Structures are given as C-alpha cells and as structure tokens.
Amino acid sequence: MTPPTSPPTTPATTPATRWRLSRTRVVVVAGIVLALVVAVWTTRGAEEYPGVADPRNPGPEGAQALARVLDDQGVDVTIARSADAFEEAQVDGATTVVVSGTDQLAASTLERMRRHAAGAARIVLVEPDYALVQEIDPGLGQLGVSADEDDAVRAHCPDGVAGVDLDGLRIEVDSATSYNGEGCFPRGERALVRTVGGLVLLGAGQALTNDQITRADNAALGLRLLGQDPRLVWYVPDATDAVSDDAVTIGTLLPDWIGPALWILALAGIALLLWRVRRLGPLSTEPLPVVVRAVETASSRGRMYRRSGDRAHAARALRGAARSDIARRLRLDRGAPTQVVVEAAARHLGAPAETVAALLDDHRMPPATDQDLVRLAQDLARLRREVRRS
Amino acid sequence: MAISGRVPLLLLLGLVAVVLRPQAGTVWMWLLGVLALVTLDRLLTPSPALASISRRPAGSVRLGDPASSELVVAATGRTLHLHVRDAWQPSAGARDNRFRLRLAAGDQRRLTTPLLPRRRGDLRADGVTVRSWGPLGLVARQRTYAVPGSVRALPPFDSRKHLPSRLARLRDLDGRAAVRVRGQGTEFDSLREYVRGDDVRSIDWRASARNTHVVVRTWQPERDRRVVLVLDTSRTSAGRVARAAGEAETDGMPRLDAAMDSALLLAALASRAGDRIDFVAGDRRVRARQRLHGARDVAARLQEQMTDLDPVLAEADWDLLAGAVQGFGRQRALVVLLTALEPSAIADGLLPVLPVLTRHHRVVIASVRDPELSRMAALGDEVGAAAPTADEVYAAAAASHELHRRERTRAMLVRLGVDVVDADAGELPPALADHYLALKAQGLL
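Chains as they are written, first to last, in the UniProt record's numbering: chain L, 1 to 390; chain Y, 1 to 445.
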C-alpha cells in the first residue's frame, strides 16, 4: 500500500494566491456597483418621462419645448405627477391647470382633480379618451381625425374658449380627436377644441408636442391656452392613485419598466445560448469495425423463402430436420431412409404409420398456404417432443 | 472564442438598472457596457498557444482493465487560467477528461485521464482542446491541438480461467505409465518399481532380471511437437454470436474474438507442455505471422500480435494461408484452423487445399457455433410456447437447412481426416484445449 500522493507539480494554494483570487472578484463586483451608481446619479437631475405631451419628455412626443418656453415667458410652471402632489399645488383664480396623459385619469382621480381645481381660471384636458369623455358627459361622442384631408384647420370661433381668444389661428397635426357639439376648429358637426362643464377638451393634443409645435399656428394655440395666467399647474396623473373599483386598462397596471426588462431578458437569453452552444472541442469519432449478426444470412434466406412462397422447399427442410432428429433419438443410422424412420417412430409411439408418414414424408403434398405450413411446423415440433419424451 | 455563464448573468443584472430607470436607453447603455467589458476581457486574454502540452505514452492494457493517460501542461510566459479537454475516441472510455486549472508562469501540471477501453485494438486520442480564460472570466480563446497518443487494448484472454485445470491434466499425463498406446508419440522416461495397477505390458523384463523387484518403464508425453495456429480473419469471422445458448446475441462477441480466446488458451497450454507454437492470421493477405518458440510468455506475445486484427469483408485465400503454414517448416505439426464451419466458404476456399495440409500435418478445425441458429431451427420446441408466425416458420426452415448443410460439411471434413471442434463461443476454448490434451495423451501429435 502506498499512500496517495498529490502530483508534485501542483502548486499549493497559498494565502497569497487566495487573496489575489478574491481581489479579482472584489474588483469585478465593485465595478458593477460603481457602474450602477454612476448610471443612476448622472440621470438623477434630468429625469425623463416617456409619456405623450409630458413636460419633461424631450422626445418627439413630449412637450418639454412648450413647458420651457412658458417658463421663459415668466409663467410659473409647476409639475404634479400624482394626485397628492396636485393637491399640494396652489390653485387659484390666476392659475391654469393642464392635464396631459389623461388615459391615466380614472373617475375618482378626475373627481379629485375637479374638486381641487374648482377655483382655477381654466382646466385643459389633453386628448381625453372615450372612457373619460363618457365620464364627463355621457352625451359627448368622440371621433378620430387624421390629417389626410387638408393640411390646416381654421379656428372659426369669434367667442373664444374659456376666455381665450383663438380666432384666426390655424392648426395642423397628424391626427386628432374631435368631439360632438360646437367649439373651435370645427370639423363638420364636431369640434377639435370645446368646453364642457368648465373643462377645456383639447382634441389636438399633438399640437403641443415637440415634433409638431412648429407647424402652422400650433405654438400660438399652446401659448394662448396655457400661458394666459402667471401660474400653470401641469398635472400628469398616475393610475395608481385611482381607488380600486375604478376601471383601468391593463397597460396602466403594468409597471413601466416591464418593456425594457423584457429586452434585458431577451438579451440575456441570447447570451445564454451563445454560452451553451460552444462545445469544448469537436465531437470524437469512432472508426467502427465490421460486425454483423451471424444469423443474418439464415434469417434473410427465410424472408426470401416467404417472399417467393417456396413452401415446398421450406416443408422439405423442416421435415428433413425432424427426420434426422428422430433418427438420432431412436438410435437409427444417420442416413436411414424415410420409410425406416417413419416405421420406427410409429412403432415407438404406437401411432398409425400413415399419420407419421403424412408428417415426415417428403413426397406428400406440400402445404398449400402459409397457414398449412405453420400447422405442419407445429405438428412436427409436437412429434419431436413426443419421441423425445417417451 | 467562447463566453462564460457570467455574461448572461451580467446582462441579467441590468434588470436592476432598468427598474431604477425604466427606459429603452438604459437597455442599450447596459448592453454597450457589457460588450465593452467583454471586449476588454478578450483583449487581455492570453493565447492558448502559451500552454505547451505533451503526452506520456499510455502503454498497453488487457481489454476490460483500466488504463490512464497523462498530459503535462506547462505555462510559458504568463499566468494562465485554462480549461482543458483530453478527447479520446469513445470506445477508449475516457471519463473525467475535463480539467480546470490555473498555472502561474513557468509552472507545469500533470493531468491524468482515466481510460477504460471497450474495444480491442489501438485506441487513439482525438485532440486536446484548450480554452484560455481572460482575467475577468468572461471570455475565453479556444483552440484544439493534435497531441497524438494511443492506448493498446489487448485481447482479454477470458479463457485463462480454464488454464489451471488443463495444466493439472497435463501433469497427470506426465510420468504416467503409458497404458494404452506405446511406440510412436510417447517417449521413454524412466524405470520404476512396479506397483499394483500398472499395466503388465509395460514391465521391462530385462531390467527386472537385473533387479530384485519387478520394474516397469514409464513414459512421458511427447515434447517439442509443433502447433500451428491459423486464425481466419475473413468475412465469416465478422459475425457476432452469443457467448452461450440462451444469452442475448447483443451481449456476445464477433467470432474472431472467440477464436482469439481459444488460440490464446491453446498456446498457453501447449507452451507449458513443451511444444513450439507458430501463429499466422490472415484473409486475402497474411495479416500476422510469427514463430513463438523460445518466448517466455507465449500468451502475452500472441496477445500483442492479435491486438490490431479486425475482421475484413473478403473471402479467405486458403492457398495463401496454407502456403504460410508450409513456410514454417516441413516437420509434422498440429495445424489448428480457427475458422467458421460455413458450408459455402469451406467448400470454395478450404477444401481444395486441405489434402495438401492433411498429407503433412494433423489438421483440426475449431469453429465457433452460433446458438441462435439452433434456437431458430428448434421452433416452439419448448412445451407451452406460443404458436409460431409464418415468418418464424420460414426462418426455422432456413435455419434447419443451414444446420443440415453444416452437418454435411462436417461429415465430409471428418471423412477427409480432419478433426472438427464445433462449440459455442464460451465453450470453444476449453473444448479445443481438451481436444489437444486428448491428442497428446494418445500420442497423435
């Protein structure tokens, strides 16, 4: 017995190498944490919000340009992103309230907003959807309008809307929503801007977006509607403020990071594939030798007999095998003629020679069908068994 | 290039960033960051060529016994973090052949791959794949090098378990008074005192007259006879047969392996009995040919000779093989033909040359029987077997026909003065050894 020895060239794991290993890990973890912190910190002040006509969205759909311009013009712009924040904001007679992202507004939050903003100079709702319009006035239908008919819509409203003079303005947007009844910017029986119960419904919300505000008189519409008063409270409602029995769409329930998270998961999945798909070296091959079943020739010859229906040959082979087996059992000569074997077997079994001969004699009729051949084989097997037993 | 599982994990960490800052830009920034790390790691990854690899010869081992192969990996120049795979052809049975190791510059390490050969012959190494990981463990460079090596799996010689009993019987022959046959074949050994039971015919009257006791002559079995083993590697040797009746044919072996086992047992026995052994193997060509007398361990040298013999899909050229037998010398010998009792192959190839061999030598044909053939022919012979289908009946007819032809071939061979030993694969080695002992006892070599 020799004691198991470790290979001499294996270097012992010294504390120094272990420390170096752990240091690498520490460096990696620290790098990741640092990257996270930097990413969060650099974007902290300049938060961006993806909402349509959001005052902090610099994208094509945002309305940051309008909010900045209003701010530069001396309007005090306050942004409230929840019902609580909105209620903390000061709303008086010199205040305009504008609500963007109205699809997040449920019945209860609409009610809260109206109660708090009751004293405001005007309340502008940017493109309220069907459910919200029904909430405000069930008789008020809405219809989408697209831009393909002509490029600009004239105001045609000498009276103005909620004390704002819009007459003479032309607006031009890709698509808008029109509401039943009279108002500014009429489209047949409907109007793109109108007042219902102290609320200004702005169907052409796209006129406020960064992308389209420079077209026609879109900018003038925005500045006049929102810039009348020294204070502007920009309310971006949040669906989570709604009480539970309000009907909300499933899109408002999902957290907003779900989309990017799915992208991350997909990317991780691809990386997982790339990781697992690479083999450590090519497949090993085996030079195979020639090996066949030894009985293959006999069994394929059997199939050949069957296909050619050579029952006579098959019966002859079976009878011959049975004859030589019986002859050996009865101690007869190996080459004994059929007649001798038949008589000996009949004598040995006490059976009529004729029945034994019908089984063993080659000169009898060969079986006519496969069924007969099977029966013959069974009978021969039984005969051999009886001879062996007795 | 290959990436590690850390890359998808790192990407998944991006979920935290996305939750903190839910925007599409975060996803792209994160992806770019991970790609930058991966690129950095790739740039810092040392080349796998910095690892120098050499292999120590694995040697030879009996089939079924474990072996091992050793690689020596050395790092030149830089510290390497390696993942090494020592690939072998599947029948070499290489397990645990993947290694992870960290080598400081100038270090070397020995890697041992355990092998368990499952096939006879020279089993080769396929190549050594080296993966060299970068310092961050994100990316590896991978390359496969040909580091040749092989392990030689010798025929297993399973039948050596029969050797002690046969050697005991050989010793029984030794020094026994030759009762049955005297004269040719047995050799005078010594004189000893008569004891009861000795054959009176072996009393040496002349010696008894000079003595006060009755003295008998004793004999020893003949020595220094020649045994020529002829191994047929032609198409009939490729057939796979079960070891014994009732065993599955898939557990069996090719006829060639059974014949090798028989040849090894006979050679081991005959060399102990003092006979000289010659060996020839071939089909269309002579594949192996060796005189083994004087060798200390005949079985081991024969195993070495047989290792790389494989069945060939061709008819045996018996003219050539008989010529090789004659080439060993004109002295009378026991010629053992290890072939299959295949009627057509015998009739076409062997029969024409048999008279030449039988004129000079004593010829024994050792054939591996296929128990499957008898089973097919004995259709539903057992009581209570299910009724056979038509296919089975036709197959039984074909098998009966085949057995009948074999019987006739065998009878014809016996008429020609050839001994035929026909047995199942597991039974053939002891049967052949017993036949040899019987011939030796009768002094017929």
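Backbone N, C-alpha and C define an ideal beta-carbon position, used for all residues, glycine too. For clarity, every value in this text was computed on a predicted model and none was experimentally measured.
- For chain Y, the residues of the segment 354-383 of chain L that bring a beta carbon within less than 7 Å of one of its beta carbons are 370, 373, 374, 377, 378, 381, in chain order.
- According to the DSSP assignment, residue 260 of chain L belongs to the alpha helix (DSSP H) that extends over 258-277.
- Annotation for residue 279 of chain Y: no alpha helix (DSSP H) segment contains it, though the beta strand (DSSP E) segment containing it runs 276-282.
- One thing to note: residue 106 of chain L has its Cβ within 8 Å of the Cβ of residue 239 of chain L.
- Residue-level contact check: residue 290 of chain L touches chain Y, since one or more beta carbons of chain Y fall below 8 Å from its beta carbon.
- Taking each of L:199, L:322, L:74, L:153 in turn and checking the Cα distance to residue 386 of chain L, the smallest one comes out for L:322.
- Under the three-state reduction of DSSP, residue 91 of chain Y is assigned to helix.
- Interface annotation, residue 98 of chain Y: in contact with chain L, CB-CB separation under 8 Å.
- The alpha-carbon separation between residue 136 of chain L and residue 117 of chain L amounts to approximately 15 Å.
- A distance below 6 Å between beta-carbons, with the five flanking residues on each side excluded, links residue 127 of chain Y to the following residues of its chain, in chain order: 87, 144, 146.
- For residue 231 of chain Y, there are no neighbours in chain L by C-beta distance under 7 Å, as the nearest C-beta there is about 16 Å away.
- Between the alpha carbons of residue 336 of chain L and residue 263 of chain Y lies a gap of roughly 38 Å.
- Around residue 3 of chain Y, the beta-carbon contacts reaching into chain L at under 9 Å are 271, 274, 275, 278.
- Not flagged as an interface residue toward chain L: residue 414 of chain Y, since no C-beta distance is shorter than 8 Å.
- Nearest to residue 85 of chain L by alpha-carbon distance, out of L:310, L:270, L:350, L:237, is L:237.
- Against chain L, the CB of residue 349 of chain Y has no partner CB under 8 Å away; the residue lies outside that interface.
- Looking at the DSSP output, residue 70 of chain Y shares a beta bridge with Y:56, Y:112.
- By a beta-carbon distance limit of 8 Å, residue 354 of chain Y does not contact residue 309 of chain Y. Their separation comes to about 23 Å.
- If you ignore the 5 residues before and after residue 14 of chain Y, its C-beta comes within less than 6 Å of the C-beta of 30, all in its own chain and listed in chain order.
- Contact annotation for residue 302 of chain Y against chain L: no contact, minimum CB-CB distance about 20 Å [criterion: below 7 Å].
- Residue 130 of chain L sits exposed, since fewer than 16 C-beta atoms from the chains shown fall within 10 Å of its C-beta.
- Looking at Y:152, Y:208, Y:269, Y:109, the one whose alpha-carbon comes closest to that of residue 164 of chain Y is Y:269.
- Around the C-beta of residue 269 of chain L, fewer than 16 other C-beta atoms lie within 10 Å, and the residue is accordingly described as exposed.
- For the segment 393-408 of chain Y, the set of residues with a beta-carbon nearer than 9 Å to any beta-carbon of chain L comprises 393, 394, 395, 396, 397, 398, 399, 400, 401, 402, 403, 404, 407, in chain order.
- Annotation: the continuous beta strand (DSSP E) that includes residue 150 of chain Y extends over 150-154.
- Close partners of residue 237 of chain L in chain Y (Cβ separation under 7 Å) are lacking, with about 18 Å as the shortest Cβ gap.
- With respect to the C-alpha of residue 176 of chain L, the residue from L:168, L:217, L:185 having the closest C-alpha is L:185.
- Comparing alpha-carbon positions, the option among Y:119, Y:369, Y:363 lying closest to residue 155 of chain Y turns out to be Y:119.
- With 16 or more other CB atoms across the displayed protein chains lying within 10 angstroms of its CB, residue 71 of chain Y is buried.
- Under a criterion of Cβ atoms nearer than 8 Å, no residue of chain Y is adjacent to residue 199 of chain L; the nearest Cβ is some 31 Å distant.
- By DSSP's assignment, residue 129 of chain Y forms a beta bridge with Y:85, Y:144.
- Of the residues Y:334, Y:25, Y:68, the one whose Cα lies closest to the Cα of residue 226 of chain Y is Y:334.
- A distance below 8 Å between beta-carbons, with the five flanking residues on each side excluded, links residue 78 of chain Y to the following residues of its chain, in chain order: 46, 50, 105.
- Think of a sphere of 7 Å around the beta carbon of residue 91 of chain Y: the chain L residues whose beta carbon falls inside it are 286, in chain order.
- Listed in chain order, the non-local C-beta contacts of residue 217 of chain L below 7 Å within the same chain comprise 169, 170, 171, local neighbours out to five positions each way being set aside.
- Rounded to the nearest whole angstrom, the CA to CA distance from residue 26 of chain Y to residue 125 of chain Y is 49 Å.
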